[in-house]
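Chain order of the listed sequences is G and P.
Counting from 1, one number per residue, gives the positions in the first sequence under the UniProt record's numbering.
Counting from 1, one number per residue, gives the positions in the second sequence under the UniProt record's numbering.
Cβ atoms here follow ideal geometry from the backbone N, Cα and C, with glycine treated the same way.
One structure is given here, and the rest of the page talks about it.
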Amino acid sequence: MTHLKSSLLAALLGATSVGLAAPAMAADLRIALQSDADVLDPDQSRTFVGRIVYTALCDKLVDITPDLEIIPQLATGWSWSDDGTALTMTLREGVVFHDGTPFDAQAVADNITRSQTMEASRRKSELKSIASTEVLGSHEIKLNLTAPDATLLAQLADRAGMMVSPTAATAAGADFGLNPVCSGPFAFGERVAQDRIVLNKFADYWNADQIHFDSVTYLPIPDTTVRLANLQSGDIDMLERLAATDLAQAKSDDGIQVESAISLGYQGITFNINNGEKGDNPWGNDKRLRQALSYAIDREAINQVVFDGAFAAGNQPVPPNSPWYNSNHPVPARDLDKARALLAEAGYPDGIDLEVQVPNTTVPLQLMQVVQAMAAEAGINITITSKEFATLLADQSAGDYQASQIGWSGRVDPDGNNHQFVTTNGGINDSEYSNADVDRLMNAARASNDIAERKASYDAARDILNEDLPRMMIYHQTWIWALDDSIKGFVPYPDGMIRLEGMMKDE
Amino acid sequence: MLPFILRRIVIAIPTIILISMFVFALQKLLPGDPILAMAGEERDPEVLEFLREKYRLNDPIPVQYITWVGNALTGDLGISLRTSQPVMELIGQKLPVTIQLAVMAMCFALLIGIPAGILSAVKKGTITDYIANIVALSGLSIPNFWLGIMLILLVSVKWQLLPASGYVPLSEDPLKSITTMIMPAFVLGTALAATLMRHTRSAMLEVLTADYIRTARAKGVLEKRVVLKHAFRNALTPIVTLTALLFGELVAGAVLTEQIFTIPGFGKLVVDAVFNRDYAVVQGIVLVTAIGFILMNLLADVLYVLLNPRLRGQ
């Protein structure tokens with residue numbers, strides 16, 4: 001009898017433990033962000049962390065793979081007209097927005113109109129090439145372009161392609177961001193500024209099988225040490241942008257896994273070539289000086305010293321692992337003799353001064369101090385002027401600078417890292433650099449849908465730009481994520497986003 | 001008493017007006033364009049111009065000021081440039097958080113500072129006095145952020161006793177709310193504890209040499225009673241006023257503490273607002289802080305009069 005009792009008990013216990021061991025639906029995924037997101041309206045938003053939140057909240061027409069290929073999301077297929085001025089998209093059926101509004105071709109048309117015409121929209125320039133939309137069927141739409149635009153699909157893979165509920169958008173107007181309604185895997189729950197953004201699983205999501213969390217909470221924690229401490233103490237499940245200096249500590253912790261991906265952006269020095277009176281200086285007028293500085297610095301050593309070797313040295317607007325990188329111009333090795341020779345050739349055998357403005361935060365200052373020391377050995381005396389970021393941007397835009405330490409977060413399509421910076425009157429061409437050949441090549445690359453043809457244009461432009469150096473790239477940031485060991489299925493993407501499909505937590 | 005309070009309130013009004021003008025002017029003197037700071041990487045000139053118009057940044061500064069004051073008088077402090085939330089709502093969310101932090105920090109400060117001060121005054125010149133003084137000096141000298149990070153690493157990461165950071169509203173879960181707030185409140189309280197200890201010590205030393213204390217001792221009153229009942233009560237007056245004034249310091253200290261422990265309070269709000277040139281938020285916070293500071297001063301004056309009957313006739 002006793003025997004029977006104990007075996008029954010054992011069987012019961014066994015059943016219970018099996019029940020417990022089955023992959024339970026983890027309640028909440030807690031993600032620490034480096035800062036708080038801005039307004040949660042894809043059309044008005046401008047922060048990187050905001051985009052991380054949208055990845056869970058708002059589906060886009062198309063998405064990217066880690067290798068930057070465009071793949072379906074809300075659009076299941078697309079085709080270009082022969083002349084490249086019309087894009088026809090087939091849309092996913094059975095999709096609804098979080099408020100129950102069905103997603104169809106008319107919704108896409110409404111979204112594009114909103115992005116293009118809402119006064120506060122930040123997406124106008126990204127969708128400028130769309131002249132009109134034509135609803136061909138309930139789930140088929142045609143976008144008519146003013147001119148061929150190879151960058152459009154990449155734009156539709158980001159905020160410009162995020163679909164918001166037309167019903168909610170019309171009702172809320174510019175206040176939409178206080179209570180956003182999209183069609184992503186999670187719906188908006190609540191937001192307490194600077195504290196948390198909570199999203200709840202959307203039961204009617206078209207790909208709900210791939211979502212293994214009931215909710216996701218984003219917590220802004222600005223201090224990197226505190227972010228890591230929160231992960232170590234188990235208060236959060238994962239964090240984005242671990243500081244390179246904290247990498248060793250995170251890796252030595254058995255309970256933490258680290259993932260990384262080289263970003264799409266770059267950091268470097270932008271020179272004032274022709275922007276106002278200050279552009280008329282030796283550094284703006286003589287490319288040999290800019291080349292001398294480029295040879296004077298050791299990019300790999302900078303990566304080791306400032307970033308513990310975690311980032312990637314670079315010399316182009318795209319990182320060396322990008323399919324768009326021009327391998328004919330590899331990252332140059334340091335060559336002090338060449339640097340001195342170029343200075344002498346330009347008429348400064350005894351050295352020359354250079355004033356560089358730098359954002360007044362730790363990393364840019366450390367970077368410039370190392371550059372300063374390296375350049376001094378070639379005879380370039382760098383003065384570092386540190387400025388608060390808003391001031392630095394304003395001065396750079398107004399031409400009140402000689403050289404500026406600045407970077408760019410990067411875009412999926414190489415056009416975003418190039419065109420607006422180097423074409424005549426480009427939107428962010430703070431150098432006021434102008435070269436007819438570069439203009440022509442950049443416009444050609446934008447107009448063609450043929451990848452090989454585009455690559456040839458960018459390569460030809462790079463031949464000129466690596467010679468002229470209006471922007472001198474130094475390194476590419478690496479996105480580093482630290483995750484609790486129990487989190488599985490995270491895939492690092494070069495755009496730094498956190499895609500929740502397939503992610504789960506082992507209990 | 002009432003006329004006294006009313007008189008003080010009337011005097012406070014011009015002070016608040018001057019502060020608001022000063023802050024308004026100061027912000028406009030800051031270099032950097034708020035709209036450019038807002039725009040970040042996307043700089044569409046058309047949008048920038050629309051935003052400048054929307055937030056009335058093209059108006060002359062005096063006009064901007066008058067518009068703001070006019071709205072403020074009706075309880076409208078504008079909307080945040082960054083998140084589009086009304087400033088009033090943001091302040092309403094954040095103020096209770098910082099008040100909770102400040103009150104808890106003050107509890108720590110009082111619980112540590114006053115007993116330590118009394119002890120070191122009574123045991124003047126002994127080893128206890130020296131230890132209390134060294135501890136107080138350390139409390140004043142150790143930077144907030146260092147102590148905060150050390151505590152997080154030790155208490156949260158190593159011992160896993162308290163949450164590393166964050167905030168739980170008191171209304172949601174009182175116990176959890178208080179446990180998450182213990183470390184930040186302690187960090188913020190230590191510096192104040194040191195100040196309070198020093199003041200308690202000197203006030204007690206002064207009182208302890210008074211004639212009536214000698215008389216009490218001569219009558220054979222127990223030493224414990226002499227210290228706590230006769231001496232401490234009289235030493236309390238300056239300490240109470242000091243405590244009220246220190247609340248202002250707490251709000252300033254909270255800026256750093258909230259940043260380290262990621263507490264969504266006033267301090268964090270103001271830091272983010274300054275960096276993003278979120279004018280409306282900065283102005284709103286400064287106005288509310290100034291009013292709070294003036295109220296605390298008023299409270300200190302009233303308490304002073306209440307505790308010291310000799311001042312009542314004046």
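For this session: Starting from tyrosine 218 (chain G), follow its DSSP beta bridges and name the residues at the other end.
Result: As a position in the first sequence, residue 218 (chain G) is number 218, starting the count at 1. Answer is G:Ile31, G:Ile197.
Problem set entry | Completely contained alpha helix (DSSP H) runs for the segment 100-167 of chain P, where each covers 4 or more residues | For the segment 100-167 of chain P, whole alpha helix (DSSP H) runs of length 4 or above, ordered along the chain, are 127-141, 144-151.
For this session: Any chance you could list the beta strand (DSSP E) runs of at least 3 consecutive residues sitting entirely within the segment 401-467 of chain G, in chain order?
Result: Scanning the segment 401-467 of chain G from its first residue to its last, the whole beta strand (DSSP E) runs of 3-plus residues come out as 403-408.
Exercise. Looking at the structure shown, is residue 526 (chain G) part of a helix, part of a strand, or coil, going by DSSP?
Worked result: A question about residue 526 (chain G) goes unanswered here, because the residues of chain G that appear run from 1 up to 507.
Problem set entry | Own chain partners of methionine 197 (chain P) with C-beta closer than 6 Å, once the 5 adjacent residues on each side are dropped | One-based indexing of the second sequence puts residue 197 (chain P) at position 197. Excluding positions up to five away in sequence, the list reads Gly113, Ala116, Gly117, Ala136.
Exercise. Where do the ends of the alpha helix (DSSP H) carrying serine 202 (chain P) lie?
Worked result: For this step, residue 202 (chain P) is matched to residue 202 along the second sequence. It spans 174-208 - the alpha helix (DSSP H) in which serine 202 (chain P) sits, taken as one unbroken run.
Exercise. Hey, how far is the Cα of leucine 175 (chain P) from the Cα of leucine 51 (chain P)?
Worked result: By one-based count along the second sequence, residue 175 (chain P) stands at place 175. By one-based count along the second sequence, residue 51 (chain P) stands at place 51. Between leucine 175 (chain P) and leucine 51 (chain P), the C-alpha separation is close to 44 Å.
Exercise. Any idea if lysine 94 (chain P) is buried or exposed, counting beta-carbon neighbours within 10 angstroms, 16 or more meaning buried?
Worked result: Here residue 94 (chain P) corresponds to residue number 94 of the second sequence, with the count starting at 1. So lysine 94 (chain P) counts as buried.
For this session: Count the other CB atoms, across all protein chains shown, that sit within 10 Å of the CB of threonine 170 (chain G); report buried if there are 16 or more and exposed otherwise.
Result: Within the first sequence, numbered from 1, the residue matching residue 170 (chain G) stands at position 170. Answer is exposed; the Cβ neighbour count stays below 16.
Exercise. How close, in whole Å, do the beta carbons of glycine 189 (chain P) and phenylalanine 108 (chain P) come, if the pair is a contact with beta carbons under 8 Å?
Worked result: For this step, residue 189 (chain P) is matched to residue 189 along the second sequence. For this step, residue 108 (chain P) is matched to residue 108 along the second sequence. Glycine 189 (chain P) to phenylalanine 108 (chain P), Cβ: 3 Å. Contact.
For this session: Please compile the residues from chain P whose C-beta is within a distance smaller than 7 Å of the C-beta of isoleucine 221 (chain G).
Result: Numbered from 1 along the first sequence, position 221 holds the residue referred to as residue 221 (chain G). In chain order: Ser165, Thr262.
For this session: Would you kindly work out how many angstroms separate the C-alpha atoms of glutamate 377 (chain G) and leucine 336 (chain G), rounded to a whole number?
Result: Here residue 377 (chain G) refers to the residue found at position 377 when the first sequence is read from its first residue. Here residue 336 (chain G) refers to the residue found at position 336 when the first sequence is read from its first residue. The straight-line gap from Cα to Cα measures roughly 8 Å.
Exercise. When Cβ atoms are compared, which residues of the segment 27-42 of chain P fall closer than 9 Å to chain G?
Worked result: Answer in chain order: Leu30, Pro31, Gly32, Asp33, Pro34, Leu36, Ala37, Met38, Ala39, Gly40, Glu41, Glu42.
Problem set entry | Pair within 7 Å by beta-carbon distance, threonine 47 (chain G) and alanine 32 (chain G) | If you number the first sequence from 1, residue 47 (chain G) lands on position 47. If you number the first sequence from 1, residue 32 (chain G) lands on position 32. At a Cβ-Cβ threshold of 7 Å, threonine 47 (chain G) and alanine 32 (chain G) do not count as neighbours.
Exercise. In three-state DSSP terms, what is proline 169 (chain P)?
Worked result: As a first step, residue 169 (chain P) must be located in the second sequence, where it is residue number 169. Proline 169 (chain P) falls in the coil class under three-state DSSP.
Exercise. If you draw a straight line from the alpha carbon of glycine 32 (chain P) to that of leucine 147 (chain P), how long is it in whole angstroms?
Worked result: As a working mapping, residue 32 (chain P) is identified with position 32 in the second sequence. As a working mapping, residue 147 (chain P) is identified with position 147 in the second sequence. Computed Cα separation, rounded: 33 Å.
Exercise. Do the segment 96-116 of chain G and the segment 170-185 of chain G make contact, defined as three or more Cβ pairs closer than 8 Å?
Worked result: Contact between the segment 96-116 of chain G and the segment 170-185 of chain G is present, because at least three Cβ pairs lie under 8 Å.
Problem set entry | Proximity below 7 Å, CB of alanine 394 (chain G) to CB of leucine 29 (chain P) | Translated into the one-based positions of the first sequence, residue 394 (chain G) becomes position 394. Translated into the one-based positions of the second sequence, residue 29 (chain P) becomes position 29. Cβ distance not < 7 Å, so alanine 394 (chain G) and leucine 29 (chain P) don't count as in contact.
Exercise. What's the call for arginine 225 (chain P), buried or exposed, on a 16-neighbour Cβ count within 10 Å?
Worked result: Position 225 of the second sequence, counted from the start, is the residue given in the question as residue 225 (chain P). So arginine 225 (chain P) counts as exposed.
Exercise. Which residues, taken in chain order from the segment 425-457 of chain G, show a beta carbon closer than 7 Å to some beta carbon of chain P?
Worked result: For the segment 425-457 of chain G, the beta-carbon criterion of a distance under 7 Å to any beta-carbon of chain P is satisfied by Gly427, Ile428.
Exercise. Closest to serine 141 (chain P) by CA distance: which of P:Val255, P:Thr195, P:Ile260, P:Ile9 is it?
Worked result: One-based indexing of the second sequence puts residue 141 (chain P) at position 141. If you compare the alpha carbons of P:Val255, P:Thr195, P:Ile260, P:Ile9 with that of serine 141 (chain P), the shortest gap goes to P:Thr195.
Exercise. What do you reckon, are the CB atoms on glutamate 140 (chain G) and alanine 105 (chain G) nearer than 7 Å?
Worked result: If you number the first sequence from 1, residue 140 (chain G) lands on position 140. If you number the first sequence from 1, residue 105 (chain G) lands on position 105. Yes; because the gap between Cβ atoms is below 7 Å, this pair is in contact.
For this session: Spell out whether any CB of chain G is found under 7 Å from the CB atom of isoleucine 152 (chain P).
Result: Along the second sequence, one-based indexing puts residue 152 (chain P) at 152. Yes, isoleucine 152 (chain P) counts as interfacial toward chain G.
Exercise. Going by the CB atoms, is the gap between isoleucine 382 (chain G) and alanine 375 (chain G) shorter than 7 Å?
Worked result: Sequence index remark: in the first sequence, residue 375 (chain G) carries index 375 (1-based). Sequence index remark: in the first sequence, residue 382 (chain G) carries index 382 (1-based). A contact, by the Cβ cut-off of 7 Å.
For this session: Tell me whether aspartate 506 (chain G) is buried or exposed, calling it buried when 16 or more other Cβ atoms sit within 10 Å of its Cβ.
Result: In the first sequence, the residue the question calls residue 506 (chain G) occupies position 506. Per the 10 Å Cβ criterion, exposed.
Exercise. Does the beta-carbon distance from serine 121 (chain G) to alanine 160 (chain G) come in below 7 Å?
Worked result: The residue labelled residue 121 (chain G) in the question sits at position 121 within the first sequence. The residue labelled residue 160 (chain G) in the question sits at position 160 within the first sequence. Their beta carbons are not under 7 Å apart, which means serine 121 (chain G) does not touch alanine 160 (chain G) by this criterion.
Exercise. Would a C-beta distance cut-off of 7 Å place alanine 262 (chain G) and alanine 312 (chain G) closer than the cut-off?
Worked result: The residue you call residue 262 (chain G) lines up with position 262 of the first sequence. The residue you call residue 312 (chain G) lines up with position 312 of the first sequence. Checking the displayed sequence, the identity of residue 262 (chain G) turns out to be isoleucine instead of alanine. Contact flag set, yes.
Exercise. Which residues in the same chain as threonine 55 (chain G) place their Cβ atom closer than 8 Å to its Cβ, once the five residues preceding and following it in sequence are excluded?
Worked result: As a working mapping, residue 55 (chain G) is identified with position 55 in the first sequence. Closer than 8 Å at Cβ, skipping near neighbours: Gly184, Met497, Ile498, Arg499, Leu500.
Exercise. Taking C-beta to C-beta, are glutamine 267 (chain G) and leucine 342 (chain G) nearer than 7 Å?
Worked result: Mapped onto the first sequence, residue 267 (chain G) falls at position 267. Mapped onto the first sequence, residue 342 (chain G) falls at position 342. Going by beta carbons, glutamine 267 (chain G) and leucine 342 (chain G) fall outside the 7 Å limit.
Exercise. Can you find a C-beta in chain P that's less than 7 Å from the C-beta of glycine 390 (chain G)?
Worked result: As a position in the first sequence, residue 390 (chain G) is number 390, starting the count at 1. Here residue 390 (chain G) is alanine; the residue named in the question, glycine, does not match the sequence. When Cβ-Cβ separations below 7 Å define contact, alanine 390 (chain G) makes contact with chain P.
Problem set entry | Cut-off 7 Å between Cβ atoms - residues of its own chain near alanine 131 (chain G), not counting five sequence neighbours on either side | Within the first sequence, residue 131 (chain G) is the residue found at index 131, counting from 1. Once the five neighbours on either side are set aside, the close Cβ partners of alanine 131 (chain G) are Asn144, Leu145, Thr146.
Problem set entry | Distance between arginine 51 (chain G) and methionine 118 (chain G) (C-alpha atoms, nearest Å) | Translated into the one-based positions of the first sequence, residue 118 (chain G) becomes position 118. Translated into the one-based positions of the first sequence, residue 51 (chain G) becomes position 51. So the two alpha carbons sit approximately 20 Å from each other.
Exercise. Are at least three pairs of beta-carbons, each pair with one atom in the segment 424-441 of chain G and one in the segment 466-475 of chain G, less than 8 Å apart?
Worked result: The segment 424-441 of chain G, when compared against the segment 466-475 of chain G, does touch it at the 8 Å Cβ threshold.
Exercise. If you measure beta-carbon to beta-carbon, which residues of the segment 375-406 of chain G are closer than 7 Å to chain P?
Worked result: Residues are counted here when their Cβ sits less than 7 Å from a Cβ of chain P; for the segment 375-406 of chain G these are Glu388, Ala390, Thr391, Leu393, Ala394, Ser397, given in chain order.
For this session: Give the residues from the segment 253-278 of chain P that approach chain G closer than 7 Å (Cβ to any Cβ), ordered along the chain.
Result: Result list: Gln259, Ile260, Thr262, Pro264, Lys268, Leu269, Asp272, Arg277.
For this session: Would you list the one or two residues that DSSP bridges to arginine 191 (chain G)?
Result: Taking the first sequence and counting its residues from 1, one reaches residue 191 (chain G) at position 191. Residue pairing by DSSP places arginine 191 (chain G) opposite G:Ile197 in a beta bridge.
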